[in-house]
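Written below as structure tokens is the structure these notes are about.
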Amino acid sequence: MCGIFGIITNQDISIGKFALEGIKRLEYRGYDSCGIVALHDSQLFIKKDAGKIDEINERLKLSEFPSESKLALAHTRWATHGPPTKVNSHPHLDCSKKIAVIHNGILENFLELKEMLEREGHKFISDTDTEIIPHLIESYMKKGDDLIQAVVNAVNQCIGAYGVVICHADYPDIIIAVRKESPLVIGIEKGKTTYCASDIPAFLPYTRQCYILEDNEMAILKAGSVNFLNVLDPDMPIKKEIINIEWSIDAAEKGGYEHFMLKEIYEEPVALRRTMKIPRTNLQAFAKILWSAKNIYITAAGTSFYASLAGKHIITKFLGKYIHAIECSEFQTELDDALQEDSVIIAVSQSGETIDLIEAIRWAKEKLKKKITVLCITNVVGSSLTRYSDESIITQAGPEIGVAATKTYCTQVLTLALIALEIARYRKVITKQEIDKYYDALKSTADIIDNYLKNNVSNIKDIVNNLDKSSNFFYLARGISIATAKEGGLKLKEVACRFIEGYSAAHAKHGPISLVREGFPIIFIAPPDETYQRLVGNVMEFKARGGNIISVVVDSDKVITELSDRTIRIPQPANKYYNIISPITFIPALQLLSYYAALKHNLDPDQPLNLAKTVTVH
Ligand code: F6R
156 MCGIFGIITN
166 QDISIGKFAL
176 EGIKRLEYRG
186 YDSCGIVALH
196 DSQLFIKKDA
206 GKIDEINERL
216 KLSEFPSESK
226 LALAHTRWAT
236 HGPPTKVNSH
246 PHLDCSKKIA
256 VIHNGILENF
266 LELKEMLERE
276 GHKFISDTDT
286 EIIPHLIESY
296 MKKGDDLIQA
306 VVNAVNQCIG
316 AYGVVICHAD
326 YPDIIIAVRK
336 ESPLVIGIEK
346 GKTTYCASDI
356 PAFLPYTRQC
366 YILEDNEMAI
376 LKAGSVNFLN
386 VLDPDMPIKK
396 EIINIEWSID
406 AAEKGGYEHF
416 MLKEIYEEPV
426 ALRRTMKIPR
436 TNLQAFAKIL
446 WSAKNIYITA
456 AGTSFYASLA
466 GKHIITKFLG
476 KYIHAIECSE
486 FQTELDDALQ
496 EDSVIIAVSQ
506 SGETIDLIEA
516 IRWAKEKLKK
526 KITVLCITNV
536 VGSSLTRYSD
546 ESIITQAGPE
556 IGVAATKTYC
566 TQVLTLALIA
576 LEIARYRKVI
586 TKQEIDKYYD
596 ALKSTADIID
606 NYLKNNVSNI
616 KDIVNNLDKS
626 SNFFYLARGI
636 SIATAKEGGL
646 KLKEVACRFI
656 EGYSAAHAKH
666 GPISLVREGF
676 PIIFIAPPDE
686 TYQRLVGNVM
696 EFKARGGNII
706 SVVVDSDKVI
716 TELSDRTIRI
726 PQPANKYYNI
736 ISPITFIPAL
746 QLLSYYAALK
756 HNLDPDQPLN
766 LAKTVTVH
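Position one of the sequence shown corresponds to residue 156 (this note's numbering), numbered consecutively onward.
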């Protein structure tokens, strides 16, 4: 939530242009207001307002700041405290209007701090928690601290999550960035320009060299260099390794597609091919731990949770032990009295920063004094989740900018399936030849999706036109495909703002079926697996009540095709080795359906209403 960008340079560049481009690349993190501050001649120049960046830029010319300015901070907001208004947008200032702060996160003790500062005479103008920070720094500076010491003291008084970036009109040579629980990365062009941002794509066009800030670390940015200190122990030396980012810039930009969501759906084959190359030693480490585990939990949020549901089915098939899938926000409540030592938790997250997941893991580790193993699957190297985990696997989806998760879902399911096959190898529950056949099926997912996207998508727009007037939908399935139904439905909800229920086709008879009338759209996920025959019965039940039946089937399907009004056909062989791959191969069609439905309803699929890519609030 909220995108942060900072730049300090000794080069002759348009600081405003860099700041604007920086937050444009972070717009997926929040897009209800934005602001930029540039420093020149001991003066802060600020432009900010509520609205999307492009609209505000039209009005305020966000790239135009004094041409000599060498320092700017920029912010794109996802409102938490106070509605999206000009006054609540960042940056926020202190009373003297010399200290500017941008912030991502939530300060839990802000009311308490606000009252304290008001007693000291500070005046607040916004509803935000962020505004506390410049006033707190000002308060410490009035007591004699220099800027760095004042920031150290201020952040140590704040309880909560923050990625905070600060500049001061009288300190034109530094930007200060501090993090606790909200991501911050530092990019560096040695000797020239230093950047900080809440995510790497913000500065990727300018540098691939970066540092990842850890909790309680402060970065002091100067033009072309950076120093680090720990705010809990400023005298402790910090050694940080520079990371070289290997993604292409193109991977973080739209590359000719109208939207990131469409581009990222079309990147699924490449992402899957890369994921097939995850080192086997990494997969084996997970497999070994799961094999010897007493209890196994898998936990995540949103799309990552649905990927976990699919993965859980595949792992259970080869592991022969039940895996408990629990949404991360309920993890503590559900397991408060039941979590046992020597359990293993698989935590799945695209961003690795979802706060409910991080809290669930932290809680479990603290409760059992670390006698628990955490395995994480995430798409972001160096994310918070990796730091709380004993073992990590990085999915190879590349940067995902569209707010709705697409390619990362496929790579998460594939990663879990690859771990399942390593378990099968250990347990010898199937022959080596069978393992090879399952492996080939997993490997073929990239080609199947490629083939589908190149040759079979033409009827998706017709289906969208046919469903144009419908605002309620069922997505129904059985077995492993319930995960596909839920994830497919979540996409339609998110980007096309339609109400859908993703449900078990069998269970839907116990209530939901009473909603069905003539023309009610029901999308059946119908791969040719062991649930198929029973699903045929469910399709008939809903058809008999007038449902408009749209089924997702494999190319060779006949029975459900006959019963359906329309079908979406996936070019996939029908045999038992391919049964495990339908959660991956069936999902692109449903993602495309949601994408075109969003366009049909004039909605921006990259920036769904009320959402943000990384949810760092509870
Ligand atoms: C849906 C979506 C969200 C995320 C959820 C978890 O399209 O993007 O539901 O899946 O917020 O995010 P991560 O995977 O980053 O933990």
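Think of the CB as a built atom: it goes at the ideal place given N, C-alpha and C, for glycine as much as any other residue. Fair warning: this is a prediction, and the values are worked out from it, not measured in the lab.
Worksheet item: Say the cut is 7 Å; is the CB of Val770 nearer than that to a heavy atom of the ligand F6R?
Response: Position 615 of the sequence shown holds residue 770. Under cutoff, so the answer is yes.
Practice prompt. Please state if the CB of Tyr317 and the CB of Gly237 are separated by a distance shorter than 8 Å.
Written response: The count along the sequence shown starts at 1 and reaches residue 237 at position 82. The count along the sequence shown starts at 1 and reaches residue 317 at position 162. No, they are not a contact pair.
Worksheet entry | For review: beta carbons within less than 5 Å of any heavy atom in the ligand F6R | Ala456, Gly457, Thr458, Ser459, Ser504, Gln505, Ser506, Thr509, Ala559, Ala560, Val770
Discussion item. In whole angstroms, give me the CA-to-CA distance for Ile677 and Asn627.
Written reply: Here the question's residue 677 lines up with position 522 in the sequence shown. Here the question's residue 627 lines up with position 472 in the sequence shown. Their backbone Cα atoms lie some 9 Å apart in a straight line.
Practice prompt. Determine the closest residue to Asp595 out of Ile715, Tyr658, Asn734, with distance taken between C-alpha atoms.
Written response: Walking along the sequence shown from the start, residue 595 turns up at place 440. The shortest C-alpha separation from Asp595 is found at Asn734.
Item to complete: Flag this pair as touching only if the segment 739-752 and the segment 616-630 have three or more C-beta atom pairs under 8 Å; answer yes or no.
Response: yes
Worksheet item: Which residues in the same chain as Thr285 place their Cβ atom closer than 7 Å to its Cβ, once the five residues preceding and following it in sequence are excluded?
Response: Stepping through the sequence shown from its first residue, residue 285 is reached at position 130. Same-chain partners within the cutoff: His245, His247, Val256, His258.
Discussion item. Measuring alpha carbon to alpha carbon, tell me which residue in Ile330, Ser539, Ile453, Asp710 is nearest Thr528.
Written reply: Along the sequence shown, read from residue 1 onward, the residue named residue 528 stands at position 373. Considering only alpha carbons, the answer is Ile453.
Item to complete: State the start and end residues of the unbroken beta strand (DSSP E) segment that holds Ala480.
Response: Residue mapping note: residue 480 aligns to position 325 of the sequence shown, counting from 1. Element bounds for Ala480: 478-482.
Worksheet item: Considering only the beta carbon of each residue, do Cys483 and Leu530 sit closer than 8 Å?
Response: Within the sequence shown, the letter at position 328 stands for residue 483. Within the sequence shown, the letter at position 375 stands for residue 530. Not closer than 8 Å, so no.
Practice prompt. Spell out the partners DSSP gives Lys377 in its beta bridges.
Written response: Mapped onto the sequence shown, residue 377 falls at position 222. Partner(s): Ser380.
Worksheet item: Counting pairs of Cβ atoms below 8 Å between the segment 385-394 and the segment 555-573, do you hit three or more?
Response: no
Discussion item. Taking 8 Å as the limit between beta carbons, can you name the residues of its chain near Ile736, skipping five residues before and five after?
Written reply: On the sequence shown, residue 736 is found 581 positions in, with the first residue counted as 1. For Ile736, where only same-chain residues beyond five positions count, the Cβ hits under 8 Å are Ala572, Ala596, Leu597, Ser599, Thr600, Ile603, Gln727.
Worksheet item: Between Ile451 and Ile478, what straight-line distance do the alpha-carbon atoms span, to the nearest angstrom?
Response: To locate residue 451, count along the sequence shown from 1; it is residue 296. To locate residue 478, count along the sequence shown from 1; it is residue 323. Answer to the nearest angstrom: the Cα atoms are 5 Å apart.
Worksheet entry | Whole-Å CB distance - Gly185 paired with Arg232, under 8 Å assumed | Position 30 of the sequence shown, counted from the start, is the residue given in the question as residue 185. Position 77 of the sequence shown, counted from the start, is the residue given in the question as residue 232. Rounded, the Cβ-Cβ distance is 5 Å, consistent with contact.
Worksheet item: Where does Leu576 sit, in a helix, a strand or coil, going by DSSP?
Response: As a working mapping, residue 576 is identified with position 421 in the sequence shown. DSSP places Leu576 in helix when its eight states are reduced to three.
Worksheet item: With a Cβ-Cβ cutoff of 8 Å, do Leu359 and Ile404 count as a contact?
Response: Along the sequence shown, read from residue 1 onward, the residue named residue 359 stands at position 204. Along the sequence shown, read from residue 1 onward, the residue named residue 404 stands at position 249. It is a contact, given that the beta carbons lie within the stated cut-off.
Fill in: Spatial distance of Ala426 from Gly276 (CA atoms)
Translated into the one-based positions of the sequence shown, residue 426 becomes position 271. Translated into the one-based positions of the sequence shown, residue 276 becomes position 121. Computed Cα separation, rounded: 55 Å.
Worksheet item: Can you tell me the Cα-Cα spacing of Tyr421 and Ile470, whole angstroms?
Response: As a first step, residue 421 is located in the sequence shown; it is residue number 266 there, counting from the start. As a first step, residue 470 is located in the sequence shown; it is residue number 315 there, counting from the start. Taking the straight line from one Cα to the other gives about 27 Å.
Discussion item. Going by the DSSP bridge assignment, what does Glu336 pair with across the sheet?
Written reply: In the sequence shown, the residue the question calls residue 336 occupies position 181. Partner(s): Tyr317.
Worksheet item: Using the C-alpha atoms, what's the distance from Leu226 back to Ile170?
Response: As a working mapping, residue 170 is identified with position 15 in the sequence shown. As a working mapping, residue 226 is identified with position 71 in the sequence shown. Distance between the alpha carbons of Ile170 and Leu226: 7 Å.
Worksheet item: To which residues does DSSP link Pro676 through a beta bridge?
Response: In the sequence shown, counting from the first residue as 1, residue 676 sits at position 521. The partner list for Pro676 (beta bridge, DSSP) reads Asn703.
Worksheet item: For the 8 Å Cβ check, are there 3 or more pairs between the segment 304-319 and the segment 214-221?
Response: no
Worksheet item: Are the Cβ atoms of Leu631 and Ala640 separated by less than 8 Å?
Response: Translated into the one-based positions of the sequence shown, residue 631 becomes position 476. Translated into the one-based positions of the sequence shown, residue 640 becomes position 485. Yes, the pair counts as a contact, with Cβ atoms nearer than the cut-off.
Worksheet entry | Proximity to Ile723 [Cα-Cα], best of Ile618, Ile635, Val691 | Looking up residue 723 in the sequence shown gives position 568. Taking only the C-alpha atoms, the option nearest Ile723 is Ile618.
Item to complete: From the DSSP output, in three-state form, read off Lys526 for me.
Response: Counted from its first residue, the sequence shown places residue 526 at position 371. Looking at Lys526 - three-state DSSP - the assignment turns out to be coil, as it is neither helix nor strand.
Worksheet item: Closest to Ile444 by CA distance: which of Ser498, Ile481, Lys472, Lys432 is it?
Response: Position 289 of the sequence shown, counting from 1, holds the residue named residue 444. Considering only alpha carbons, the answer is Ser498.
Item to complete: Tell me, to the nearest whole angstrom, how far the beta carbon of Val320 is from that of Cys365; I am working on the premise that it is less than 8 Å.
Response: Your numbering for residue 320 matches position 165 in the sequence shown. Your numbering for residue 365 matches position 210 in the sequence shown. About 15 Å; that fails the 8 Å criterion.
Worksheet entry | Distance between beta carbons of Tyr461 and Glu642, contact taken as under 8 Å | What you label residue 642 is simply residue 487 of the sequence shown in a count that begins at 1. What you label residue 461 is simply residue 306 of the sequence shown in a count that begins at 1. Yes, Glu642 and Tyr461 are in contact; Cβ-Cβ is about 4 Å, under 8 Å.
Practice prompt. Take the Cβ of His773 as the centre, count every other Cβ of all protein chains shown within 10 Å, and call the residue buried at 16 or more, exposed below.
Written response: On the sequence shown, position 618 is the one that residue 773 refers to. It is exposed - the Cβ of His773 has fewer than 16 other Cβ atoms within 10 Å.
Discussion item. I need the straight-line Cα distance from Leu494 to Phe654, nearest angstrom please.
Written reply: Within the sequence shown, residue 494 is the residue found at index 339, counting from 1. Within the sequence shown, residue 654 is the residue found at index 499, counting from 1. C-alpha separation (whole angstroms): 35 Å.
Worksheet entry | Beta-carbon spacing of Ala332, Ala305 below 8 Å | Against the sequence shown, residue 332 aligns to sequence position 177. Against the sequence shown, residue 305 aligns to sequence position 150. No, the pair does not count as a contact, with Cβ atoms beyond the cut-off.
Practice prompt. Name, in chain order, the residues that DSSP records as bridge partners for Tyr366.
Written response: Taking the sequence shown and counting its residues from 1, one reaches residue 366 at position 211. BP columns for Tyr366 point to Ile341.
Discussion item. Out of Ile668, Lys394, Val242, Met431, which one is the CA nearest neighbour of Phe279?
Written reply: Here residue 279 is taken as the residue at index 124 of the sequence shown, counted from 1. Of the listed residues, the one whose Cα sits closest to Phe279 is Val242.
Discussion item. What does DSSP give as the partner residue(s) for Ile451 in the beta ladder?
Written reply: As a working mapping, residue 451 is identified with position 296 in the sequence shown. Looking at the DSSP assignment, Ile451 forms a beta bridge with Ile478, Val499.
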